[in-house]
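For any residue, its number in my numbering is found by taking its place in the sequence shown, counting from 1, and adding 247. We put the beta carbon where it would ideally sit given N, CA and C, even for glycine. Heads up, the thing below is written out as structure tokens.
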Amino acid sequence: MEKLNQDALKKIDAIVEKHHSEPGPTIVMLHDVQNQLGYIPFEAMEKIAASVGSSVAEVYGVVMFYAGFTTQPKGKHVVNICLGTACYVKGSQKIIDAVTELIKTPINGTSEDGMFSLDATRCLGACGLAPVCVIDGKVHGNTNPGQVTELIKKIIEEEKASPRA
Ligand code: FES
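Shown next, in the form of structure tokens:
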């Protein structure tokens, strides 16, 4: 397991300190860690467990329960493609296949250069827009493989032109 840097550890400490005495602090702390670091490292689960007086296993159980939490660092750009029934019927598997081919990233994985993460998700609650994909938090509906790959190619071009931090 890779060691977390001091900056990340300080952020985790600040989050634990901030929410320590609030009701239901575990979930609030986990949300903050996810938002600030982009994932929930093991060290954060240890610190949160110690702070709220539960076991690391219990905190880990909460992390596993909620689809919005992840224990793996994500790429700079995150592509979520819905594989719920409505989206699947309307061709989301073909979109996933095209994206996988384009960014050379396995489903629920991150590209080697850390640029993209590709996640297949369950129903996003927008079935009327099927097939749905979410790129960097922006929802795209009634999509198709060509449209989604064009959006991703645009990001690749922008990154080449002026790499975003
Ligand atoms: S099945 Fe994709 S949004 Fe509901």
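{"Check": "Three-state class that DSSP yields for D366 in the structure shown", "Outcome": "strand"}
{"Check": "Helix, strand or coil at V346 according to DSSP, with G and I counted as helix", "Outcome": "helix"}
{"Check": "G285 - DSSP class collapsed to helix/strand/coil", "Outcome": "coil"}
{"Check": "Distance cut-off 7 Å: T390 Cβ against heavy atoms of ligand 1", "Outcome": "no"}
{"Check": "Other residues of its chain near P272: CB distance less than 6 Å, five sequence neighbours each side excluded", "Outcome": "H266 and V299"}
{"Check": "Same chain, Cβ closer than 8 Å to N389, neighbours up to 5 away in sequence not counted", "Outcome": "L376, A377 and P378"}
{"Check": "Cβ neighbour criterion (16 or more within 10 Å) applied to D360", "Outcome": "exposed"}
{"Check": "Proximal residues to Q319 (C-beta, below 8 Å), its chain only, five neighbours per side dropped", "Outcome": "Y286 and T357"}
{"Check": "Residues near L349 in its chain [Cβ-Cβ closer than 8 Å; skip 5 each side]", "Outcome": "T396, I399 and K400"}
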